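Take the position in the first sequence, starting the count at 1, then add 1; the result is the number in the numbering used here. Just so you know, even glycine gets a beta-carbon here, dropped at the ideal spot from N, CA and C. Predicted, not measured: the structure shown is a model, and the values here were computed from it. One structure is given below, encoded as structure tokens.
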Amino acid sequence: MNERYDYAEIESKWQKKWVDENTHRVTESDSKPKYYCLEMFPYPSGNLHMGHVRNYSIGDVIARYKTMHGFNVLHPIGWDSFGLPAENAAIKHNTPPAKWTKENIANMNRQLHAMGLSYDWDREVTTCLPEYYKWTQWLFLQFYNKGLAYKKGASVNWCPGCHTVLANEQVVEGACERCDSIVEKKSLEQWFFKITDYADRLLEDLDKLEGWPTKVKTMQENWIGRSEGALIQFKVQETDDVVEVFTTRPDTVFGVSYMVLAPEHPLVEKLIDGTDKAEEVRAFVKKVQQMTEVERSSTEMEKEGLAIGAHVINPANGQVVPILIGNYVIYEYGTGAVMGVPTHDERDFFFARKYNLPMTVVVQPEGVSLTPETMEGAYTAEGIMVNSGQFDGMTNTEAKKAIVAWLEEKGQGKLKVNYRLRDWLISRQRFWGAPIPIIYCDHCGAVPVPEEQLPVLLPQDVNFKPSGESPLKYMDEFAQTTCPVCGAPARRETDTMDTFVCSSWYYLRYTDAHNDQKPFAKDKADYWMNVDQYIGGVEHAILHLLYARFFTKVLKDIGLVSVDEPFKNLLTQGMVLKEGSKMSKSKGNIVSPEEIIGKYGADTARLFILFAAPPERDLEWNDQAVEGCYRFINRIWRLVEEFSRSHDGKCVAYGEFGDLGKAEKDLRRLTHTTIKRVSEDVGVRFNFNTAISAIMELVNGMYQYREQGNNEQVMAEAIETLILLMAPFTPHVTEELWQGMGHTDSVHHQTWPTVDEKALIAEETTVVIQINGKVRDKINLPMNMDSKEVENLVLALPKISEQLTGKDIKKVVVIPNKLVNIVVG
RNA sequence: GCCGAAGUGGCGGAAUUGGCAGACGCAGCGGACUCAAAAUCCGCCGCCGUCAAAAGCGUGUGGGUUCGAGUCCCACCUUCGGCACCA
């Protein structure tokens, strides 16, 4: 063993050995319990960033810790390698996306190895390779056969920056999630996955996810946006048409004083065509449609409406009320029509005041009589029904059910659950994605590509147009084909799939990464699933995590897997910040992992990133604190190296300890309390920062012992424990030291140290003495002393009795082995 | 507006069940070693106060429960995140 800690030599030596010996390969085995530890796989942008380092360091500690606990640990990695940056690079530098991606993967692969991560590299998956996307396409076909993939014309989100449509989940405050361009609306024929069919299960099963942060579950809950209410039908007075509204307040139907339609509602044109209102209404509709999505959905927007001259009949009381169109009614939500009840809805109240629409109170607080003229806002709380025929006198909660039942009997209403969640738009007008395996035939329509013809391969030699449009559309050799049904000339779908489709099932592919008959064998997926611990950034709380849950449920329904949730436990890590903001090129505050590893080694980089903050919290990068971690590793190195050198390169513990002195007992107690603390911090709480600080305390104790203690068995035990506890955090240096201590097998194949309960027992304890809750003295007492005895002893202490003279002792509280509080008047 | 998380020294953070607030680390200060420096080892390090001590104050604010509150309850403030003319 070197006297100096030479991280560069040590790390490359062990990394090579781990690769050569395939150290981290796993197979299914019944002899051990399984554990599936997964980190969100990276997009191969070209270089690892600190967020990756954090993500993979956390995962690696968990995987190594579980391995040392006797689990059969699956810890895989791969590449989420379809997507826009490759295509943009292709347009800019005229390199094929496949080449650019391959080079990036090679470089990042090297960087991952330099971190000393315990991946089973035999299971590496790359989503942009045909051997993977063949099965993405195959899964699309399964969805298609189940009726869960369909094409429809719809008003969709178009990102002018990315030249493609986006899913709702990819639009953030009206802008593109990737490039921040303002999203436009376009009417296009697009492919969708019917995620709304699973809305209820996706919502309900959130309850099963006890190992998920509430934050993420709440975000998904909000996104799904379930709301219970009723559909109510209003007949149009002038025609035979019926307007259906969705409302969460069917109890207020007797108070309806108008109806508002979204400008896009198809009935609008029908009802005004040929009337004298037609021009005015069309102008209004045009004005609304010219607003951007952001303007239109802003809460500050002035609510405007316009009566269109037609009327509806209230099914509850037969009243005839006017139909308006309003700029605040969203066609995509509910039925695109709302009933206006000014007295019991804030928005309706101000809208009605503005346009002088009538108001009727139908719910009021018990014992109070509300009058519309004196109301200053809508009454939205619970109350008693009035002006509502046979429902008068009921509570409005009772009336909700009763009125819907009554309307249902009349065939004019029913209960309805509404969701905010929209179907998942998966078409992308881009090249670098998995082609959607559909063929369009003039005779047979849209025909799925037969399974045996998969994969639909992306062409190799591609000329990108500067417009950014997908070149597939213009490549006849790709687009032209024959109909699999009738054999006539036909055209392929040239849209590709959203990359989130590829990443919705990769965790299943890892369980059987090279299967060329199926996406994965069921028995292998069943052996490894669920993912026991999933780790990644909170930015995927909705998109990826919702889609992956949806996929798992569909795959369960078609019998491909047995689980209905993919990720049992979820850890959402915080961001890595520098000078208070996220590291980014534009801010110029990036710290390169490669540089840090070059300067201090991977062990230091890993240790710092785990020590600086608990994993969920944002982490402020601090160069000096990194050095502190480097110093700590050196401190361990010196301690172990010196001991080993003075013991002929042997530090293998240990027989019986015999009778030990105080310093020896203290170190043994420290050693074993450290095992206990680190085991809880790593295994239960994932608080790696406090686990590391506990180990630091142990090292401090060992330095002290070196001056005071003289039993070398005790020191040897502490050293061996220290190395084992550090092994998951700093795998290289611990391996080197382990060998230097005379061991011949790998530290990473050792069993996690166990706590010797006897060593934990202390003979003495420090008891705090308080007077009226303020600390006045401390005293060392034998453990488990009788309370009354403690009380007498404490009251007799000079310092205490002095302060008690002339005071009236009201009560003495004794907490055994901890504290005495004397209450005086 | 609704939902969620957080607020502790100069800084990152700790306090797991209501029981010594500030573990551990960074920065800072002092000492040892050295011709000197670096490295290393040892010590100090909330505020106020003092020669030194004692006393006092102190976990966003204001109340409350309790022998005892960073921790529990009520009200509020601030920051961050999500959702939002959702009918």
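Closest residue to residue i among the options (Cα-Cα distance)
{"i": "alanine 91", "options": "His515, Asp181 and Pro472", "result": "Pro472"}
{"i": "isoleucine 326", "options": "Val363, Glu383, Ala263 and Thr372", "result": "Ala263"}
{"i": "threonine 137", "options": "Ile225, Ile309, Leu272 and Tyr507", "result": "Tyr507"}
{"i": "glutamine 365", "options": "Met386, Lys579 and Glu239", "result": "Met386"}
{"i": "threonine 500", "options": "Thr375, Gln430, Gly319 and Pro460", "result": "Gln430"}
{"i": "tyrosine 44", "options": "Thr336, Lys663, Leu85 and Met302", "result": "Leu85"}
{"i": "glutamate 628", "options": "Gly602, Arg639, Gly650 and Arg618", "result": "Gly602"}
{"i": "aspartate 443", "options": "Ala87, Val562 and Val486", "result": "Val486"}
{"i": "aspartate 1", "options": "Tyr332, Ser645 and Phe730", "result": "Nothing can be reported for residue 1: it is not among the residues displayed for the chain, which extend from 2 to 826."}
{"i": "leucine 459", "options": "Gly47, Arg493 and Arg636", "result": "Arg493"}
{"i": "methionine 584", "options": "Lys209, Leu620 and Val564", "result": "Leu620"}
{"i": "aspartate 809", "options": "Ile772, Ile780, Ile816 and Asn818", "result": "Ile772"}
{"i": "glutamate 374", "options": "Asn23, Ala353 and Arg636", "result": "Ala353"}
{"i": "leucine 272", "options": "Thr253, Gly310, Glu280 and Glu245", "result": "Gly310"}
{"i": "lysine 666", "options": "Ala763, Asn3, Asp778 and Val821", "result": "Ala763"}
{"i": "isoleucine 106", "options": "Ser119, Met116, Cys129 and Glu642", "result": "Cys129"}
{"i": "isoleucine 233", "options": "Phe255, Asp241 and Gly659", "result": "Phe255"}
{"i": "lysine 554", "options": "Lys103, Thr482, Lys147 and Ala797", "result": "Lys147"}
{"i": "lysine 579", "options": "Tyr6, Glu22, His50 and Arg5", "result": "His50"}
{"i": "glutamine 534", "options": "Thr253, Leu805, Met742 and Pro567", "result": "Pro567"}
Residue j beta carbon less than 8 Å from that of residue i
{"i": "isoleucine 59", "j": "leucine 611", "result": "yes"}
{"i": "methionine 498", "j": "glycine 414", "result": "no"}
{"i": "isoleucine 696", "j": "valine 679", "result": "yes"}
{"i": "histidine 76", "j": "glutamine 16", "result": "no"}
{"i": "glycine 341", "j": "valine 405", "result": "no"}
{"i": "tryptophan 213", "j": "leucine 571", "result": "yes"}
{"i": "glutamate 178", "j": "tryptophan 159", "result": "no"}
{"i": "tyrosine 428", "j": "tryptophan 192", "result": "Checking the sequence, you will find serine at residue 428 rather than tyrosine. Contact: yes."}
{"i": "isoleucine 543", "j": "tryptophan 224", "result": "yes"}
{"i": "leucine 608", "j": "valine 217", "result": "no"}
{"i": "lysine 209", "j": "tyrosine 151", "result": "no"}
{"i": "valine 815", "j": "valine 824", "result": "no"}
{"i": "glycine 390", "j": "asparagine 315", "result": "no"}
{"i": "threonine 672", "j": "glutamate 713", "result": "no"}
Pairwise C-alpha distance: residue j and residue i
{"i": "glycine 710", "j": "isoleucine 63", "result": "34 Å"}
{"i": "phenylalanine 285", "j": "tyrosine 334", "result": "20 Å"}
{"i": "threonine 248", "j": "valine 418", "result": "10 Å"}
{"i": "arginine 550", "j": "serine 258", "result": "43 Å"}
{"i": "valine 74", "j": "valine 27", "result": "7 Å"}
{"i": "leucine 204", "j": "isoleucine 11", "result": "50 Å"}
{"i": "lysine 775", "j": "leucine 699", "result": "31 Å"}
{"i": "proline 451", "j": "aspartate 565", "result": "28 Å"}
{"i": "asparagine 357", "j": "alanine 491", "result": "59 Å"}
{"i": "glutamate 347", "j": "glycine 384", "result": "16 Å"}
{"i": "arginine 670", "j": "alanine 760", "result": "5 Å"}
{"i": "threonine 735", "j": "alanine 606", "result": "15 Å"}
{"i": "serine 228", "j": "tyrosine 420", "result": "6 Å"}
{"i": "aspartate 513", "j": "alanine 664", "result": "54 Å"}
{"i": "threonine 482", "j": "lysine 187", "result": "29 Å"}
{"i": "glutamine 518", "j": "valine 502", "result": "20 Å"}
Sheet register partners of residue i (DSSP bridge)
{"i": "serine 428", "result": "Met498"}
{"i": "methionine 386", "result": "Val364"}
{"i": "alanine 447", "result": "Tyr441"}
{"i": "cysteine 160", "result": "Thr165"}
{"i": "lysine 186", "result": "Asn158"}
{"i": "tyrosine 535", "result": "Leu39 and Leu571"}
{"i": "tyrosine 151", "result": "Phe193"}
{"i": "serine 680", "result": "Answer by DSSP bridge pairing: none, since serine 680 is not bridged."}
{"i": "cysteine 129", "result": "None, per the DSSP bridge assignment."}
{"i": "asparagine 419", "result": "Ser228"}
Q: Write down every uninterrupted run of the beta strand (DSSP E) in the segment 232-304 whose length is 3 residues or greater and which is fully enclosed by it, in chain order.
A: 243-248 and 259-262
**Q.** Ranges of the beta strand (DSSP E) found wholly within the segment 331-362, counting only runs of at least 3
**A.** Runs of the beta strand (DSSP E) inside the segment 331-362: 338-341.
Q. In chain order, which alpha helix (DSSP H) runs of at least 4 residues are fully inside the segment 596-658?
A. 603-612 and 624-646
Q | Length at least 4, wholly inside the segment 780-820: the alpha helix (DSSP H) runs in chain order | A | 788-796 and 799-805
Q. Mind pulling the beta strand (DSSP E) runs of 3 or more residues that sit fully within the segment 25-91?
A. Qualifying beta strand (DSSP E) stretches, in chain order: 35-40 and 73-75.
Q) What runs of the beta strand (DSSP E), each 3 residues or longer, lie entirely inside the segment 463-526? A) 481-483 and 490-493
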